[in-house]
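In the numbering used here, the protein residues as written are 83 to 540.
Below is one structure; the comments refer to it alone.
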Ligand code: AMP
Ligand code: MG
């Protein structure tokens with residue numbers, strides 16, 4: 083499928099999809115595109131024009147991932163033991179003294195693990211033991227239980243620390259009578275993320291071409307980026323054709339209908355990061371249609387609706403030919419949307435989408451979306467599909483890959499899907515009631531209740 087001449091015609095869904103993808107890759111690889119600097123929140127949904135790098139290590143310090151006690155794993159190698167609690171460190175604090183053998187520091191999630199400590203024991207596996215001792219000895223046990231604790235903890239080390247003269251401010255903590263019984267062995271590194279484990283300073287966190295969702299915005303925020311350089315949105319011209327169409331604010335005559343496709347398309351374009359440019363309605367008349375198409379070709383991409391079927395007044399292909407269009411396909415074996423057309427005039431890609439309101443949305447989803455994404459500087463995404471259990475038997479004819487408005491519902495582990503009742507591809511209500519499209523492969527006449535089927539999310 084190298085040239086337009088070879089591939090023009092009616093293709094299977096897979097072929098048509100791949101043809102669009104191939105063009106997207108070419109466009110995606112093509113040189114520099116204009117960019118702009120926007121505030122962080124304005125960057126949501128946009129595409130990065132330059133990488134975001136780490137301005138420090140991620141995490142910047144050994145980070146405790148649990149509330150508990152920072153310890154030396156080696157101290158606990160022999161199983162349950164009791165350690166002297168020499169201090170506390172909260173998130174945002176630092177504990178400056180290195181932890182010595184036999185010691186523990188109470189620590190909160192997100193706090194920096196003190197030097198010398200190499201693991202955090204979750205608070206759930208510990209028991210705090212208090213003992214009233216002075217720093218010279220260990221008199222004054224409060225209870226038998228505490229006495230027992232002291233027996234375990236009463237090694238030379240603890241006494242040695244307790245007996246030190248002239249404590250530094252933090253060492254005062256070491257004079258408390260705090261002990262903790264650790265009820266579980268820990269391994270080195272447990273509940274600690276070492277500094278730089280996620281990324282080293284200077285490392286690329288988000289490459290150019292990344293679409294910025296919530297997680298990427300958060301990462302940019304963490305790297306101190308109050309604003310980001312993003313690609314300008316591609317301008318996508320939308321041209322609805324049809325003598326029967328009137329604008330939304332107009333009162334339709336008895337056989338007229340309102341131009342809703344310009345709105346579904348504008349909404350879809352906006353959703354995937356483009357800037358929709360809605361053109362006036364084009365009549366089914368070659369001259370005026372050609373003029374408006376020319377207007378649309380001033381944008382980065384053109385979406386046409388209607389006028390691509392076999393009727394006498396379906397003039398879109400002819401008008402495009404007049405302008406020297408190259409066609410990559412002039413139909414795809416899909417339902418709805420079989421007459422869909424894809425090509426380029428010069429370097430501007432266009433899609434002629436069938437006018438039926440469901441067809442226009444389905445064919446946008448299947449083919450045009452990835453082109454808007456490619457033009458916005460992001461790699462085109464694949465169709466988002468999921469598996470679900472079919473709720474009711476479904477019968478159809480073979481030959482077309484069908485994408486039928488459907489409702490996916492049910493639980494996390496066993497979602498169910500059912501086709502929304504519809505009056506055919508003109509039924510906008512069905513589209514509005516659906517949250518996905520049920521995929522029926524072209525060789526299937528029947529899908530059975532209970533079978534796992536594929537849906538395309540939208
Ligand atoms: P066409 O593809 O031009 O043959 O149109 C197919 C069907 O879609 C016809 O019933 C049209 O009236 C309807 N249709 C075409 N364009 C639009 C539009 N912009 N908004 C709503 N319906 C449309
Ligand atoms: Mg028409």
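Glycine included, every Cβ here is placed at the ideal spot set by N, Cα and C.
At a Cβ-Cβ threshold of 8 Å, residue 272 and residue 201 count as neighbours. A direct Cα-to-Cα measurement between residue 332 and residue 366 gives close to 19 Å. About 6 Å separates the Cβ atoms of residue 529 and residue 522, confirming a contact at the 8 Å cut-off.
Note: residue 486 is bridge-paired with 520 in the DSSP secondary-structure output. Under the three-state reduction of DSSP output, residue 207 falls in the helix class. The count of Cβ pairs closer than 8 Å, one atom from the segment 437-446 and one from the segment 410-418, reaches three, so the stretches are in contact.
Distance from the CA atom of residue 475 to the CA atom of residue 513, rounded to whole angstroms, is 20 Å. By alpha-carbon distance to residue 310, the top candidate from 319, 166, 300 and 434 is 300.
Rounded to whole angstroms, the gap between the alpha carbons of residue 480 and residue 526 is 6 Å. Contact annotation: the segment 338-345 does not touch the segment 286-304, with fewer than three C-beta pairs closer than 8 Å. Within the segment 393-458, the complete alpha helix (DSSP H) runs of at least 4 residues fall at 398-404, 439-445 and 451-457. Looking at the DSSP output, residue 360 shares a beta bridge with 320.
Restricting attention to 445, 386 and 279, the CA atom closest to the CA of residue 319 is found in 386. The beta carbon of residue 287 lies closer than 7 Å to those of 134, 135, 136, 281, 301 and 305 in the same chain, with the five residues before and after it left out. Between residue 290 and residue 130, the beta carbon gap of about 6 Å places them in contact (Cβ cut-off 8 Å). Straight across, the Cα-Cα distance linking residue 139 with residue 422 is about 50 Å. Counting other Cβ atoms within 10 Å of its Cβ, residue 178 stays below 16 and is therefore classed as exposed. No heavy atom of ligand 2 is found nearer than 7 Å to the CB of residue 493. Taking a contact to require three or more Cβ pairs closer than 8 Å, the segment 382-397 and the segment 483-499 do not qualify as touching. Residue pairing of residue 311 in beta bridges, as defined by DSSP: 119.
Two segments are said to touch when three or more pairs of C-beta atoms, one from each, lie closer than 8 Å; by this definition the segment 361-375 does not touch the segment 464-478. Taking C-alpha positions only, residue 516 is separated from residue 396 by approximately 29 Å.
No heavy atom of ligand 2 is found nearer than 7 Å to the CB of residue 445. In summary, residue 460 is buried, with 16 or more beta-carbon neighbours lying within 10 Å of its beta-carbon over all protein chains present. When rounded, the separation of the alpha-carbon atoms in residue 466 and residue 485 is 13 Å.
Put simply, the segment 448-457 touches the segment 91-105. At least three CB pairs are less than 8 Å apart.
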